[in-house]
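A short worksheet on the structure shown next.
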Amino acid sequence: MQAVARPTYLSIPKSRLSIDPEEILRLLGEQVASMDGHTLNLAKQYIGESLHSCSPEGAFVLKEAHTSPGSGYIQIPETRFQTGTIIEKMLKQSQYYALFLVTLGPEVEAMARSLINEGHYLEGYIVDLAASALVDKAADQLQEEVKILANEEGMGITNRYSPGYCSWDVKEQQKLFELFPKGCCGISLSDSSLMHPIKSISGIIGLGSAVNYQEYTCEICSMKNCQFRRISDQ
186 MQAVARPTYL SIPKSRLSID PEEILRLLGE QVASMDGHTL NLAKQYIGES LHSCSPEGAF
246 VLKEAHTSPG SGYIQIPETR FQTGTIIEKM LKQSQYYALF LVTLGPEVEA MARSLINEGH
306 YLEGYIVDLA ASALVDKAAD QLQEEVKILA NEEGMGITNR YSPGYCSWDV KEQQKLFELF
366 PKGCCGISLS DSSLMHPIKS ISGIIGLGSA VNYQEYTCEI CSMKNCQFRR ISDQ
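Read in the numbering used here, the sequence shown has 400 at position 215, and its numbers run on one by one without any break.
Following this line, the structure appears as structure tokens:
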């Protein structure tokens, strides 16, 4: 495997993105046994409309890992990321890093904003939650592509990690974006490190012959109020 300077671009099929409407209701705070039929129907409707409107795409760039274990940072040839010890530990033994960007596009957040401006607050919130879930599903698809690439070289992958989580300062996103052409996938980054469209994700995945993927890693993160934290852990 060789590190590459140019990003690999992905158009993510909508057919691979799916959300359980009951999960949206859980995020709304509804208990399964008392789910309101009207709210469930709204969730089904707006998940469908969000999926129809979105334009998911992503990109990743492969870099050789130059990290010193226990350092609290990860290193690629041109950049050092101060990830903190948690993420550095989870990425140890990586031989390569896939730095990535994923977005759902601007359409769905515009729909949510329009609904809220019109006074349809529940509908707007459902669309916002659906958009967050859909972009996470899109990131899953990009991660699957990285996994296929790794497997072809006899390697595995780690979980993905993003600036803003596990003590990795969101400002480090500025360094990550420098690895991609300006406006890559239609995503821009503000001076305060806010991505536009908002329903976008950036991050890193480790690749290597001795790395591991873990199905559940919420316990390593201190963000107790994350809306996607495992339901049974709440």
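The beta carbon of each residue, even a glycine, is placed where N, CA and C say it ideally should be.
| Asked | Found |
| --- | --- |
| Assuming residue 222 is part of the alpha helix (DSSP H), what are its boundary residues? | 222-238 |
| To the nearest angstrom, report how far apart residue 259 and residue 306 are at their CA atoms. | 42 Å |
| Give every residue of the same chain whose Cβ lies closer than 7 Å to the Cβ of residue 265, excluding the five residues on either side of it in the sequence, and list them in chain order. | 258 |
| Using a Cβ-Cβ cutoff of less than 6 Å, which residues in the same chain neighbour residue 241 once the five nearest sequence positions on both sides are dropped? | 197, 289 and 323 |
| Would you say the stretch 232-240 touches the stretch 338-350, given that touching needs at least three Cβ pairs under 8 Å? | no |
| Label residue 393 either buried or exposed according to how many other C-beta atoms from any shown protein chain fall within 10 Å of its C-beta, with 16 as the threshold for buried. | buried |
| Taking only three categories from DSSP, how would you classify residue 396? | coil |
| Please tell me whether residue 231 and residue 311 are closer than 7 Å, where the distance is taken between their beta carbons. | yes |
| Between which two residues does the alpha helix (DSSP H) carrying residue 421 extend? | Nothing can be reported for residue 421: it is not among the residues displayed for the chain, which extend from 186 to 419. |
| How should residue 386 be labelled, buried or exposed, when 16 other C-beta atoms within 10 angstroms of its C-beta is the threshold for buried? | buried |
| To the nearest angstrom, how far is it from the Cα of residue 167 to the Cα of residue 294? | Examination of residue 167 is not possible in this model, given that the chain is present from 186 through 419 alone. |
| Is it right to say residue 210 is buried, meaning 16 or more other beta carbons lie within 10 angstroms of its own, or is it exposed? | buried |
| Could you pull out every residue in the same chain whose Cβ sits closer than 6 Å to the Cβ of residue 193, ignoring the five residues on either side in sequence? | 245 |
| I'd like to know whether the C-beta atoms of residue 389 and residue 284 end up nearer to each other than 7 Å. | yes |
| Note down, in chain order, each residue of its chain lying with its Cβ closer than 6 Å to the Cβ of residue 345, except the 5 sequence neighbours on either side. | 328, 388 and 390 |
| Any idea which residues DSSP pairs residue 196 with across the strands? | 242 |
| Below 8 Å, how does it come out for the stretch 354-363 and the stretch 371-381: are there three or more Cβ pairs, yes or no? | yes |
| How long is the line joining the alpha carbons of residue 218 and residue 280, rounded to whole angstroms? | Unreliable positioning characterises residue 218 in this predicted model, as indicated by a pLDDT of 49, which lies under 50. A coordinate reading is not provided. |
| Please name the residue or residues paired with residue 264 in a DSSP beta bridge. | 261 |
| What does DSSP give as the partner residue(s) for residue 281 in the beta ladder? | 249 and 392 |
| Which residue marks the beginning of the alpha helix (DSSP H) containing residue 211, and which one marks its end? | 206-213 |
| Would you tell me roughly how many angstroms separate the C-alpha atoms of residue 200 and residue 348, rounded to the nearest one? | 28 Å |
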